[in-house]
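Quick note, the sequences are listed as chains A and B, same order. Taken in order, the first sequence gives residues 59 to 325; the numbers are from the working numbering. Taken in order, the second sequence gives residues 21 to 398; the numbers are from the working numbering. For glycine and all other residues, C-beta sits at the position ideal for the given N, C-alpha and C. Given the structure is predicted, the values throughout are model-derived calculations rather than measurements.
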Amino acid sequence: MAENTVEAEELHANRSKMHISDTDVAIEITKMNKWYGDFHVLKDIDLRVMRGERIVICGPSGSGKSTMIRCINRLEEHQKGSIVVDGIELTNDLKKIDEIRREVGMVFQHFNLFPHLTILENCTLAPIWVRKMPKKEAEEIAMHYLSRVKIPEQAHKYPGQLSGGQQQRVAIARSLCMNPRIMLFDEPTSALDPEMIKEVLDVMVGLAEEGMTMLCVTHEMGFARQVANRVIFMDRGQIVEQNEPEEFFNNPKHERTQLFLSQILHH
Amino acid sequence: MTDLSYVRADESPNLPPPVNTTGVIGWMRANLFSSIGNTILTLIGVFLAYSIFEPLIEFSLINAVWEGENRQACVAPPDSGLHVGACWAYVKAYLPQFIYGRYPIDERWRVDIVYGLFALLLIPMAIPGVPFKRTNALLLLIAYPIVAYFLLTGGFGLQIVETNLWGGLLVTLVIAVTGITASLPLGILLALGRRSNLPIIKLVSVIFIEFWRGVPLITVLFMSSVMLPLFLPEGVNFDKLLRVLIGVTLFSAAYMAEVVRGGLQAIPKGQYEGAQALGLRYWQMMGLIILPQALKLVIPGIVNTFIGLFKDTTLVLIVGMFDLLGQIQSSFTDPTWSSPTQAHTGYLFAAMVFWSFCFGMSRYSLFMEKKLHTGHKR
Numbered sequence: 059m060a061e062n063t064v065e066a067e068e069l070h071a072n073r074s075k076m077h078i079s080d081t082d083v084a085i086e087i088t089k090m091n092k093w094y095g096d097f098h099v100l101k102d103i104d105l106r107v108m109r110g111e112r113i114v115i116c117g118p119s120g121s122g123k124s125t126m127i128r129c130i131n132r133l134e135e136h137q138k139g140s141i142v143v144d145g146i147e148l149t150n151d152l153k154k155i156d157e158i159r160r161e162v163g164m165v166f167q168h169f170n171l172f173p174h175l176t177i178l179e180n181c182t183l184a185p186i187w188v189r190k191m192p193k194k195e196a197e198e199i200a201m202h203y204l205s206r207v208k209i210p211e212q213a214h215k216y217p218g219q220l221s222g223g224q225q226q227r228v229a230i231a232r233s234l235c236m237n238p239r240i241m242l243f244d245e246p247t248s249a250l251d252p253e254m255i256k257e258v259l260d261v262m263v264g265l266a267e268e269g270m271t272m273l274c275v276t277h278e279m280g281f282a283r284q285v286a287n288r289v290i291f292m293d294r295g296q297i298v299e300q301n302e303p304e305e306f307f308n309n310p311k312h313e314r315t316q317l318f319l320s321q322i323l324h325h
Numbered sequence: 021m022t023d024l025s026y027v028r029a030d031e032s033p034n035l036p037p038p039v040n041t042t043g044v045i046g047w048m049r050a051n052l053f054s055s056i057g058n059t060i061l062t063l064i065g066v067f068l069a070y071s072i073f074e075p076l077i078e079f080s081l082i083n084a085v086w087e088g089e090n091r092q093a094c095v096a097p098p099d100s101g102l103h104v105g106a107c108w109a110y111v112k113a114y115l116p117q118f119i120y121g122r123y124p125i126d127e128r129w130r131v132d133i134v135y136g137l138f139a140l141l142l143i144p145m146a147i148p149g150v151p152f153k154r155t156n157a158l159l160l161l162i163a164y165p166i167v168a169y170f171l172l173t174g175g176f177g178l179q180i181v182e183t184n185l186w187g188g189l190l191v192t193l194v195i196a197v198t199g200i201t202a203s204l205p206l207g208i209l210l211a212l213g214r215r216s217n218l219p220i221i222k223l224v225s226v227i228f229i230e231f232w233r234g235v236p237l238i239t240v241l242f243m244s245s246v247m248l249p250l251f252l253p254e255g256v257n258f259d260k261l262l263r264v265l266i267g268v269t270l271f272s273a274a275y276m277a278e279v280v281r282g283g284l285q286a287i288p289k290g291q292y293e294g295a296q297a298l299g300l301r302y303w304q305m306m307g308l309i310i311l312p313q314a315l316k317l318v319i320p321g322i323v324n325t326f327i328g329l330f331k332d333t334t335l336v337l338i339v340g341m342f343d344l345l346g347q348i349q350s351s352f353t354d355p356t357w358s359s360p361t362q363a364h365t366g367y368l369f370a371a372m373v374f375w376s377f378c379f380g381m382s383r384y385s386l387f388m389e390k391k392l393h394t395g396h397k398r
């Protein structure tokens with residue numbers, strides 16, 4: 059019990075270090091709608107993310123949470139409404155899409171590392187080809203981030219030789235090498251064995267502490283309590299409820315949120 | 021009542037496997053004589069292999085004639101009762117024709133240089149450890165074809181040699197190598213085109229692929245040598261070999277496209293998304309991420325198409341060109357070497373040459389597959 063209070067205090071101290079801007083908008087989603095054929099996946103989504111915010115998005119499967127964050131870097135196309143990322147509005151203009159993708163990093167459930175390239179090559183590929191960085195510099199940066207995710211010694215192995223947790227950490231490092239201003243996480247720990255979840259979450263916590271703007275689809279409620287400044291609950295293509303984590307977990311307002319939380323927290 | 025609690029006290033040691041599961045004896049026991057049925061099948065197999073290979077070896081090696089000036093060497097004296105095997109002396113005498121066709125004898129050094137340069141550039145290209153791959157590739161794919169073209173056809177002070185004088189292995193290799201190197205990039209473009217989101221590019225690719233896959237190669241060759249001149253304006257005429265080259269290339273590009281498309285379909289969507297999320301553009305994504313993986317997956321199919329193309333070069337005989345097989349066949353009419361085993365020997369030789377080229381490609385592709393395997397696919 060005493061340990062818990064210490065942890066909670068630490069938590070509080072850590073969170074106050076993370077600065078959230080009052081004026082600098084990172085992502086502005088307005089009345090965004092999306093359909094898959096006739097199926098209405100996202101309904102009138104409104105979301106404003108300030109620079110430095112750490113948002114956890116949860117909800118039952120099929121609620122549209124992954125689809126929503128995938129719209130932010132145009133892996134999915136929205137059909138109505140607007141998405142403005144870093145002041146750039148997402149349209150069919152390929153130049154703008156490229157510009158946004160350079161600034162927005164993404165980590166996937168299944169890592170999506172490139173199996174034919176070494177870990178180091180995975181990390182240097184985009185800086186070299188997209189940022190036109192000299193190879194040597196790209197490698198230095200890659201080694202810096204690989205050290206940060208604590209696997210510099212794996213740099214010359216191939217993804218297939220690494221464990222799931224290590225692969226996901228490489229995926230995070232790979233995104234960071236592009237020096238993104240916003241990071242999207244799409245269920246980053248869902249495909250991992252329980253033993254490996256912590257090592258990935260630790261990296262993500264570190265990132266949050268440095269003030270990275272993060273949108274994270276996850277069911278890791280401990281992570282949400284620890285780093286999120288806002289938790290969003292989605293169901294059937296809509297944002298049903300959002301609140302500060304304490305309030306969200308201790309005092310959910312909407313009955314669907316209550317039902318969802320009772321199912322994932324007490325099993 | 022049993023005790024449910026158990027705690028291991030010490031580690032079990034690693035033991036060697038049982039003796040009769042390893043080594044030659046173990047292998048034979050497991051694979052050849054594991055049961056009475058298998059033992060019988062093994063013995064039948066050995067018998068069949070013997071009855072096929074024994075006469076073959078006798079014909080091609082034991083009773084073969086290696087030296088001689090003319091047909092006398094390869095014909096058994098009447099009523100001697102001797103069996104004469106393969107007439108290698110005839111192959112030896114005809115070898116230059118098989119290699120160069122009717123290429124002027126004084127100019128054959130040019131063909132030799134073309135062969136030599138090809139080997140000189142291809143071998144370091146094919147061995148992974150050799151440095152300067154980029155220079156090597158540029159020389160092989162850009163400089164070499166130009167040099168080879170002028171050496172073979174003439175110009176710049178060299179005597180002009182019409183392509184209808186080319187023949188034998190020269191024609192086979194020119195068609196096969198050009199076809200192989202041109203059909204792969206074309207096939208990749210067609211495969212990408214067929215999967216493109218742009219409707220017109222997709223339609224054009226589909227029509228192209230389905231057209232060329234729908235007609236037999238013989239038809240393509242006939243069309244290119246007989247029909248094509250009808251459609252061209254008067255006075256415009258291509259060299260026949262060039263027409264055949266284009267026909268063969270487009271034909272195998274269509275097959276290649278479908279092989280490559282198979283590979284593209286095997287690449288998980290996540291690879292595209294991973295590349296896009298990093299900001300790679302279409303051609304970067306395809307060239308750096310998707311194609312390297314897709315092509316590696318379909319190496320067997322690609323090499324299959326290469327081998328098919330190599331052997332299909334023999335079809336050019338029907339439009340009056342003499343490839344290796346055609347050259348060998350045409351030599352059968354020469355009375356100097358006419359003997360009962362002349363044709364057998366000629367065909368055996370052709371088979372050996374074709375087989376060694378195709379087997380070489382096959383083994384090299386296996387080697388590359390192993391070399392490019394980077395652990396488990398994900």
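- Remark: C-beta atoms of B/Leu270 and B/Trp232 approach each other more closely than 7 Å.
- In the DSSP assignment, A/Gln296 falls within the unbroken beta strand (DSSP E) covering Gln296 to Asn301.
- Residues of the stretch 297 to 313 of chain B with a C-beta less than 7 Å from any C-beta of chain A: Ala297, Leu298, Gly299, Leu300, Arg301, Gln304, Leu308, Ile309, Pro312 and Gln313, listed in chain order.
- Residue environment analysis places B/Ser359 among the buried positions, since at least 16 neighbouring C-beta atoms fall within 10 angstroms of its C-beta.
- Judged by DSSP in its simplified three-state form, B/His364 adopts helix.
- In summary, B/Gln362 is buried, with 16 or more beta-carbon neighbours lying within 10 Å of its beta-carbon over all protein chains present.
- With 16 or more other CB atoms across the displayed protein chains lying within 10 angstroms of its CB, B/Tyr120 is buried.
- The beta carbon of B/Glu278 does not come within 7 Å of any beta carbon belonging to chain A, so the residue lies off that interface.
- Within a 10 Å sphere around the beta-carbon of A/Asp80 sit fewer than 16 other beta-carbons, which makes this residue exposed.
- Against chain A, a Cβ distance below 9 Å from B/Thr394 picks out Pro173, His174, Leu175, Thr176, Tyr216, Pro217, Gly218 and Gln219.
- Taking 4 residues as the minimum length, the alpha helix (DSSP H) runs contained wholly in the stretch 228 to 308 of chain B are 237 to 242, 248 to 251, 260 to 286 and 289 to 297, in order along the chain.
- Contact between B/Leu368 and B/Ala106 holds: their C-beta atoms lie close to 6 Å from each other, under 8 Å.
- Residue-level contact check: B/Gly149 does not touch chain A, since none of the beta carbons of chain A fall below 7 Å from its beta carbon.
- For A/Cys129, the enclosing alpha helix (DSSP H) stretches over residues Lys123 to Ile130.
- For B/Ile82, same chain residues with a beta-carbon under 8 Å away, outside a window of 5 residues either side, are Gly105 in chain order.
- The CB of B/Lys316 comes closer than 9 Å to the CB of His174 in chain A, given here in chain order.
- For A/Glu86, the uninterrupted beta strand (DSSP E) run begins and ends at Val83 to Tyr94, by DSSP.
- Cα atoms of A/Leu133 and B/Ile319: separation of roughly 30 Å, rounded to the nearest angstrom.
- Residues of chain A with a Cβ closer than 9 Å to the Cβ of B/Gln285 do not exist; the shortest Cβ-Cβ separation is about 17 Å.
- Membership of B/Arg122 in any alpha helix (DSSP H) is not indicated, and neither H nor E is assigned to it by DSSP.
- Spanning the alpha carbons of B/Val66 and B/Phe79 requires a straight line of approximately 20 Å.
- For B/Gly290, the neighbours in chain A by C-beta distance under 7 Å run, in chain order, Phe166, His168 and Asn170.
- For B/Glu293, the residues of chain A that pass the 9 Å Cβ criterion are Arg128, Leu133, Met164, Phe166 and Asn170, in the order they occur in the chain.
- Your pair B/Ile327 and B/Cys378 checks out as a contact, with CB atoms roughly 5 Å apart and the cut at 8 Å.
- Separation of A/Asn91 and A/Lys138 (C-alpha to C-alpha, rounded to the nearest whole angstrom) is 5 Å.
- Residue range Ile240 to Asp244 is occupied by the beta strand (DSSP E) that includes A/Asp244, with no alpha helix (DSSP H) assigned at that position.
- Going by C-alpha positions, A/Pro192 is about 10 Å away from A/Glu198.
- Contact annotation for A/Met236 against chain B: Leu298 and Gly299 [CB-CB distance below 9 Å, chain order].
- For B/Arg128, the three-state secondary structure derived from DSSP is helix.
- Inclusion of A/Gly163 and A/Pro238 in the CB contact set at 7 Å is warranted, their separation being smaller than that value.
- Remark: C-beta atoms of B/Ala277 and B/Ala211 approach each other more closely than 7 Å.
- Beta-bridge analysis with DSSP links A/Gly222 to no other residue.
- Rounded to whole angstroms, A/Asp102 and B/Val235 show a C-alpha spacing of 54 Å.
- When rounded, the separation of the alpha-carbon atoms in A/His214 and A/Leu105 is 41 Å.
- With respect to A/Val114, A/Ala84 sits apart: the two C-beta atoms are not nearer than 7 Å.
- B/Gln285 sits exposed, since fewer than 16 C-beta atoms from the chains shown fall within 10 Å of its C-beta.
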